[in-house]
Amino acid sequence: MASAYSKRGVWYANLRDETGKRVNLATKARTKTEAKRFASELEHQAERVRLGLQAATPADGGGTLGDLFEWWLKTYRVGQPAYVTDESAIRCHFSGTDLAALPLVAVTPGRLETFLQAKSKDLSPQTINHLRGYVSRAFGAAKKAGKWAGLNPADNVSRRKVPTRMPDYLKAHEVGPVMEQLAERWRPLFAAALYTGMRKGELLGLRKADVDLEAGIITVNRSYDRDTTKGGHADRIPVAAELFAYLKVAMALSPSNLVFPDPKGRMMSKEVNLEHVLRRALARAGIVEGYRHVCRKKGCEHAQEASTDALLRCPVHGHKLWPVAKIRPIRFHDLRHTTASLLMQAGANPAAVQRILRHADPKTTTSIYGHLAPGYLKSEVDLLAFGLIAPNMPPVIEVEGRTVSSEILGPFSTRLLPGPQGTKEKTGNPSDIHEELPAVELERETGFEPATLSLGS
Numbered sequence: 110m111a112s113a114y115s116k117r118g119v120w121y122a123n124l125r126d127e128t129g130k131r132v133n134l135a136t137k138a139r140t141k142t143e144a145k146r147f148a149s150e151l152e153h154q155a156e157r158v159r160l161g162l163q164a165a166t167p168a169d170g171g172g173t174l175g176d177l178f179e180w181w182l183k184t185y186r187v188g189q190p191a192y193v194t195d196e197s198a199i200r201c202h203f204s205g206t207d208l209a210a211l212p213l214v215a216v217t218p219g220r221l222e223t224f225l226q227a228k229s230k231d232l233s234p235q236t237i238n239h240l241r242g243y244v245s246r247a248f249g250a251a252k253k254a255g256k257w258a259g260l261n262p263a264d265n266v267s268r269r270k271v272p273t274r275m276p277d278y279l280k281a282h283e284v285g286p287v288m289e290q291l292a293e294r295w296r297p298l299f300a301a302a303l304y305t306g307m308r309k310g311e312l313l314g315l316r317k318a319d320v321d322l323e324a325g326i327i328t329v330n331r332s333y334d335r336d337t338t339k340g341g342h343a344d345r346i347p348v349a350a351e352l353f354a355y356l357k358v359a360m361a362l363s364p365s366n367l368v369f370p371d372p373k374g375r376m377m378s379k380e381v382n383l384e385h386v387l388r389r390a391l392a393r394a395g396i397v398e399g400y401r402h403v404c405r406k407k408g409c410e411h412a413q414e415a416s417t418d419a420l421l422r423c424p425v426h427g428h429k430l431w432p433v434a435k436i437r438p439i440r441f442h443d444l445r446h447t448t449a450s451l452l453m454q455a456g457a458n459p460a461a462v463q464r465i466l467r468h469a470d471p472k473t474t475t476s477i478y479g480h481l482a483p484g485y486l487k488s489e490v491d492l493l494a495f496g497l498i499a500p501n502m503p504p505v506i507e508v509e510g511r512t513v514s515s516e517i518l519g520p521f522s523t524r525l526l527p528g529p530q531g532t533k534e535k536t537g538n539p540s541d542i543h544e545e546l547p548a549v550e551l552e553r554e555t556g557f558e559p560a561t562l563s564l565g566s
């Protein structure tokens, strides 16, 4: 039976450990009741370990959280497509922190939540969820491997709510101008991205043997130099009719077994800045959000916004202002969103779009791109039919002293305009309404009989 006693101002818990031996443990309890409760809980846990119902906590507390991350990366993440990202994120956000130095027994939900709250000042909710996910997966893997028998602290830390944003993409009328502004060496690669929806790594790792022009099929089974894709499986997608010529040119000019190599025939680096190539083409095509005109005279900080790059002069010195395009922040990956978006807008079957994009779950396709389908929710919203007919009104109406064309007013215009006799809106004390409206009209207008209508005392 567990018990508690005090010695030199410190409360001790007396209990049987996992081996059945009695031990005395110093506690931070302030009263005998707290110390005894603590002793009972520890003895109950030790008994479960002794009976084989749960594993014993390692003597070193399970090692530190930093050690756990290293083990998890080495055991489960090496060779995976996201290994570099995972390793970099853990090194950047966890290494050297107080949380990473704690033994696993001390990594509580409260400490993890405090750590994430501090990070929330500089990081987005989605990134915070990723950090929480690293802790959750590392502890989960340790429990499965028998390295940790305690609780997973991330289970009691809530995920942050991430705002839903629709991805940006090139509109149909923008594709041609952008392709025209690309250098010839880049056009086949960007055409393949637009017509197939393949990811950057899948395009750069695409080999000639993966392209069957006779059958019109591309086999997507690798990303960069890895023999696997992000989804972990191979897929076949059709070659669009307009893509054949681009693929033929790319394969004929390639000096290696790759379809889109660098000038020396080697695989392009992961760091190749395709966003820079795309945004330069966007700027040359005039697909921008506007321009910022700045004065380049030394010491002058004048700048002004404009919708065009037409010549402007500095109001201070009279010098010509230099127009800097504010390019839409479209990434190379957004070409994949362009493929799906334009297919949905053209009326493609959502199931076909899901197969081309190779989404594992059809809900991913419909939730992101479904609103772009022709007639999306149109028939449903048209169910709101009240039989209202726009009244016959004169072509010009006086509204609050202004002349308004009746063409811009909808079927609810009679609610917004003065009455047919030009009566003014009634204002003042609500009781005045009783004096102006006969009882029959009052009942018709309000739905209440005069005797039951009360405006308060």
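The sequence shown maps to residues 110 to 566 in my numbering. Just so it is clear, CB atoms sit at the ideal spot from N, CA and C, and this is done for glycine as well.
With fewer than 16 other CB atoms across the displayed protein chains lying within 10 angstroms of its CB, I326 is exposed. Annotation: the continuous alpha helix (DSSP H) that includes W180 extends over L174 to W181. As DSSP reads the structure, L367 sits in a beta bridge with R316. Here the C-alpha atom of I396 lies approximately 43 angstroms from the C-alpha atom of F495. The beta carbon of L182 sits closer than 6 angstroms to the beta carbons of E196 from its chain, once the five residues preceding and following it are set aside; these are given in chain order. In the structure shown, the three-state DSSP call for A292 is coil. The criterion of a C-beta distance shorter than 7 angstroms is satisfied by R401 and E414.
About 15 angstroms separates the Cβ atoms of L279 and L298, ruling out a contact at the 8 angstroms cut-off. I465 carries a helical assignment under DSSP once its states are collapsed to helix, strand and coil. With 16 or more other Cβ atoms inside 10 Å of its own Cβ, F224 counts as buried. Counted as a single uninterrupted DSSP element, the stretch harbouring S332 is not any beta strand (DSSP E), since DSSP gives it neither H nor E. Considering only E127, L240 and K116, the residue with the shortest C-alpha distance to A144 is K116. Cβ contact annotation for R159 (same chain, cutoff 7 angstroms, sequence separation greater than five): E127 and G129, in chain order. Distances from the CA of G285 to each of L391, A135, Q454 and L486 were compared; the closest alpha carbon is that of L391.
A residue is called buried when at least 16 other Cβ atoms come within 10 angstroms of its Cβ; G306 meets this threshold and is buried.
With fewer than 16 other Cβ atoms inside 10 Å of its own Cβ, A292 counts as exposed.
Within the model, the alpha-carbon separation for R445 versus I465 is close to 10 angstroms. The Cβ atoms of A113 and K137 lie no closer than 7 angstroms to each other. Annotated three-state conformation of S267 is coil, per DSSP. Take F203, set aside five residues on each side of it, and the residues of its chain with a beta-carbon closer than 8 angstroms to its own are L174, G175, F178, A209, L240 and Y243, in chain order. In this chain, the beta strand (DSSP E) harbouring Y114 covers S112 to K116. In the DSSP secondary-structure assignment, D321 is bridged to I326.
By the Cβ-count criterion, M110 is exposed, with fewer than 16 other Cβ atoms from all chains shown falling within 10 Å of its own Cβ. In the DSSP assignment, V403 falls within the unbroken beta strand (DSSP E) covering V397 to V403.
About 14 angstroms separates the Cβ atoms of L356 and V329, ruling out a contact at the 8 angstroms cut-off.
Judged by beta-carbon spacing, Y192 lies beyond the 7 angstroms limit of A250, meaning their Cβ atoms are not closer than that value.
Per DSSP, the beta bridge partners of E414 are R401.
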